[in-house]
Amino acid sequence: DVKVTQSSRYLVKRTGEKVFLECVQDMDHENMFWYRQDPGLGLRLIYFSYDVKMKEKGDIPEGYSVSREKKERFSLILESASTNQTSMYLCASMVRVGSWNTEAFFGQGTRLTVV
Amino acid sequence: GQQLNQSPQSMFIQEGEDVSMNCTSSSIFNTWLWYKQDPGEGPVLLIALYKAGELTSNGRLTAQFGITRKDSFLNISASIPSDVGIYFCAGQLRTGNQFYFGTGTSLTVIP
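The listed protein sequences correspond, in order, to chains A and B.
Following my numbering, the numbering of the first sequence begins with 1 at its first residue and continues without gaps.
Following my numbering, the numbering of the second sequence begins with 116 at its first residue and continues without gaps.
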């Protein structure tokens, strides 16, 4: 079974703190993603990465950065946490199935509260 | 980004009833996935669909990849209380590696 593990289930941080959310997958997947999930807004893509040291902005990258130093680990960084970044953060990794199809697997989520 | 319209937004049903939900898009997708998310947890992949017209089952769940490649359907038969949760569809374009997600269907099963 594919396993995507996020380092924390719950985090409480103060405004202005630098926050690191870690995600590790154990299946040698190349593609990894960070989403945030908010009521009524669904899943919104923050950043994704196709390979080590490669990153692409998603739909809402402002206030975030990412790091992919090793294939299995994709980190999301909140440079200076703000209350509007309180959310559920979901990491996903994607595997290719055949020539044209893929499947995506999620971590268990990190509920971040910024106070 | 791409818009996936998922309906209904929420459903309240009696235990034992069947459930249907669907996703539609203005774009043609190469892959459709269906997920279930329990409160406070990450989405879990239920069914993956790869070909137009494909019908795939996973226990009491059945999903179909629409013929037009712009829609997909999920059915749950004989619902039980543990079916409660939010169900998401996700679609992938032939070009690109991203998935696009529906806004979810919240299912409540009344015992």
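A virtual CB, placed ideally from N, CA and C, is assigned to each residue, including glycine.
Just so it is clear, the structure is predicted and the values come from calculations on it, not from any experiment.
Quiz item: Quick one: what's E22(A) bridged to in DSSP?
Solution: Under DSSP, the beta-bridge partners assigned to E22(A) are S75(A).
Self-check item: Span of the beta strand (DSSP E), counted from its first residue to its last, around D186(B)
Solution: 186-191
Quiz item: List, in order along the chain, the chain A residues whose C-beta lies closer than 8 angstroms to that of E156(B)?
Solution: Q108, G109
Quiz item: How many whole angstroms separate the CB atoms of A92(A) and M54(A), which I take to be in contact at a CB cut-off of 8 angstroms?
Solution: Actually they are not in contact, since the Cβ atoms of A92(A) and M54(A) sit about 16 angstroms apart, beyond 8 angstroms.
Exercise. Just the C-alpha distance for V199(B) and F106(A), rounded to the nearest angstrom, thanks.
Key: 19 angstroms
Practice problem: Give the single residue among Y47(A), W100(A), Q25(A) whose Cα lies nearest to the Cα of K70(A). | Solution: Q25(A)
Practice problem: Let me know the secondary structure DSSP gives S87(A) once reduced to three states. | Solution: strand
Quiz item: Among G206(B), G174(B), Q207(B), A163(B), which has the Cα closest to the Cα of S192(B)?
Solution: G174(B)
Quiz item: Going along the chain, which unbroken runs of the beta strand (DSSP E) with 3 or more residues stay wholly within the stretch 125-209 of chain B?
Solution: The qualifying runs are 125-129, 134-140, 144-152, 159-164, 170-173, 176-180, 186-191, 200-208.
Self-check item: For R117(A): DSSP bridge partner residues
Solution: Because residue 117(A) is not part of the residues shown, which for chain A are 1 to 115, the question remains open.
Quiz item: Exposed or buried, which one is M136(B) when buried takes at least 16 other CB atoms within 10 Å?
Solution: buried
Quiz item: What is the DSSP secondary structure of Y50(A), reduced to helix, strand or coil?
Solution: coil
Exercise. Use the C-beta contact count for K18(A): other C-beta atoms within 10 angstroms, 16 or more gives buried, fewer gives exposed.
Key: exposed
Exercise. Write down the C-beta distance between N101(A) and N145(B) rounded to the nearest angstrom, noting that I regard them as a contact closer than 8 angstroms.
Key: 6 angstroms
Quiz prompt | Contact under 9 angstroms by Cβ, V114(A) with T86(A) | solution = yes
Quiz item: Where does V115(A) sit, in a helix, a strand or coil, going by DSSP?
Solution: Per DSSP, reduced to three states, the secondary structure at V115(A) is coil, with no helix or strand assignment.
Quiz item: Closest Cβ-Cβ distance between T102(A) and chain B: below 9 angstroms?
Solution: yes
Exercise. Could you tell me the distance, in whole angstroms, from the CA atom of T220(B) to the CA atom of S67(A)?
Key: One C-alpha to the other measures close to 33 angstroms.
Quiz item: Under 9 angstroms, do S80(A) and G63(A) count as touching if we go by C-beta distance?
Solution: yes
Quiz prompt | Where the stretch 2-20 of chain A meets chain B: residues whose CB sits under 7 angstroms from a CB there | solution = none
Self-check item: Sequence-distant residues of its chain with Cβ nearer than 6 angstroms to I182(B) (five each side left out)
Solution: A167, G168
Self-check item: Cβ-based burial, Y150(B) [other Cβ within 10 Å; buried from 16]
Solution: Buried, because 16 or more other Cβ atoms sit within 10 Å of the Cβ of Y150(B).
Practice problem: Along the beta strand (DSSP E) that carries N120(B), what are the first and last residues, could you check? | Solution: 119-122
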